[in-house]
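Colleague: Quick note: the sequence shown uses our numbering, first residue 2, plus one each step.
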Amino acid sequence: LPALFSLTLLVSLLLPLTGQAIGKTSAALIAPDSSSRAQASLLAQAEPSAPDADRLMQQALIQLNQEKFQAAAQSYEQAIALYRNSSRDDRAEQIAEAELGLAKATLLLKDYPKAILLWEKLVAQERQTGSVSALYLSNLGLAYFSAGRHAEAETALRDAIARWEWLRSQEDNGDTAKITLFEQHAH
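1) Helix, strand or coil: how does DSSP classify Ala97 here?
2) Should Arg128 go down as buried or exposed, given a rule of 16 or more other Cβ atoms within 10 Å for buried?
3) Where does Ala163 fall in DSSP's three states?
4) Looking at the secondary structure, which residues open and close the alpha helix (DSSP H) in which Leu142 lies?
5) Could you check which residue in Lys69, Ser87 and Lys111 has the C-alpha nearest to that of Ala144?
6) Using only the alpha-carbon positions, how far apart do Leu119 and Leu109 sit?
7) Which residue marks the beginning of the alpha helix (DSSP H) containing Lys115, and which one marks its end?
8) Check Asp90 in the structure and name its three-state DSSP category.
9) Residues in the same chain with beta-carbon distance under 7 angstroms from Val124, minus the five sequence neighbours each way, listed in chain order, please.
10) Taking the beta carbon of Asp55 as the centre, do at least 16 other beta carbons fall within 10 Å, making it buried, or is it exposed?
11) Check whether the segment 68-82 touches the segment 91-101, counting contact only when three or more Cβ pairs, one atom from each stretch, lie closer than 8 angstroms.
12) Cα separation between Ala73 and Lys122?
13) By a C-beta neighbour count over all protein chains shown, 10 Å radius and 16 as the cutoff for buried, is Gln60 buried or exposed?
14) Helix, strand or coil for Val105? Go by DSSP, reduced to three states.
15) To the nearest angstrom, how far is it from the Cα of Ala104 to the Cα of Asp90?
16) Could you give the distance in angstroms between the alpha-carbon of Trp167 and the alpha-carbon of Ala161?
17) Give a yes or no on whether the C-beta atoms belonging to Arg164 and Ala135 are separated by under 7 angstroms.
18) Pop quiz: Ala152 and Ile117 are said to be a contact at Cβ under 8 angstroms. What is the actual Cβ separation, rounded to whole angstroms?
19) Is the CB-CB distance between Leu202 and Ser76 below 7 angstroms?
20) For Arg150, report the span of its alpha helix (DSSP H) as first-last.
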């Protein structure tokens, strides 16, 4: 029982499902700079689906900020389809970014079975590179916990904590760069 209480407390610290963490996204992430616009213009001439996918990604981010999670999920899914049919050099990165957005939106929609599949895929992809994001593990743990899969949630959250602690031990930029559990939010 104490372990479940601790896990519940940990999840409550990681769980701002009100969208607060998303709402703090800077305008720089939404509005591209002039060099990005020039690159997008060149891509638009070469490949019509790429700007459509980029527009959908921006639209999805706005929808997440407005807590329109279903619409955001649909925009991310459409962007993924367009990126898959794209011949862009950064296609893989764009697909990964769209899949991350879809995983966030799905978790916020409380579609936990689908969210678990998406977060498991993201974690597996990162494990192949040798470095797993603590935030991905936190969100996977949150999805497991919300789906009632407490043992798997505990494992994922313990892995996330270990990763946060490792990151903290690697930082040597003073206290302002230190990562603490209380400064991190899921999503």
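We treat Cβ as the ideally placed atom computed from N, Cα and C, and that holds for glycine.
Modeller: Let's see:
1) Sequence index remark: in the sequence shown, residue 97 carries index 96 (1-based). Ala97: helix per DSSP, three-state reduction.
2) Along the sequence shown, read from residue 1 onward, the residue named residue 128 stands at position 127. So Arg128 counts as exposed.
3) The residue you call residue 163 lines up with position 162 of the sequence shown. Here Ala163 sits in helix by DSSP.
4) Indexing the sequence shown from 1 puts residue 142 at position 141. According to the sequence displayed, residue 142 carries Gly and not Leu. Start and end: Ala135 to Ser147.
5) In the sequence shown, counting from the first residue as 1, residue 144 sits at position 143. The shortest C-alpha separation from Ala144 is found at Lys111.
6) Here residue 119 refers to the residue found at position 118 when the sequence shown is read from its first residue. Here residue 109 refers to the residue found at position 108 when the sequence shown is read from its first residue. Cα-Cα distance, rounded: 13 angstroms.
7) Counting from 1 along the sequence shown, the entry for residue 115 is found at position 114. Tyr113 to Thr130 is the extent of the alpha helix (DSSP H) around Lys115.
8) Here residue 90 refers to the residue found at position 89 of the sequence shown. DSSP places Asp90 in coil when its eight states are reduced to three.
9) Counting from one through the sequence shown, the residue named residue 124 turns up at place 123. Cβ within range, chain order: Val133, Tyr137, Leu138 and Leu141.
10) Here the question's residue 55 lines up with position 54 in the sequence shown. Label assigned to Asp55: buried.
11) With the cut-off at 8 angstroms, the segment 68-82 and the segment 91-101 touch.
12) The residue given as residue 73 occupies position 72 in the sequence shown. The residue given as residue 122 occupies position 121 in the sequence shown. Their Cα atoms are separated by approximately 19 angstroms.
13) Here residue 60 corresponds to residue number 59 of the sequence shown, with the count starting at 1. Buried is the call here.
14) Translated into positions along the sequence shown, residue 105 becomes position 104. Reading the sequence as shown, one finds Lys at residue 105 and not Val. Three-state result, Lys105: helix.
15) By one-based count along the sequence shown, residue 104 stands at place 103. By one-based count along the sequence shown, residue 90 stands at place 89. If I take the Cα positions, the gap works out to 23 angstroms.
16) Your numbering for residue 167 matches position 166 in the sequence shown. Your numbering for residue 161 matches position 160 in the sequence shown. Each residue's alpha carbon lies about 10 angstroms from the other.
17) Residue 164 sits at position 163 when you count from the first residue of the sequence shown. Residue 135 sits at position 134 when you count from the first residue of the sequence shown. Going by C-beta atoms, Arg164 is nearer than 7 angstroms to Ala135.
18) Along the sequence shown, one-based indexing puts residue 152 at 151. Along the sequence shown, one-based indexing puts residue 117 at 116. Not really, about 13 angstroms apart at Cβ, beyond 8 angstroms.
19) What is shown of the chain runs 2 to 188, which leaves residue 202 out entirely.
20) Residue 150 sits at position 149 when you count from the first residue of the sequence shown. Arg150 -> no alpha helix (DSSP H), and no H or E assigned at all.
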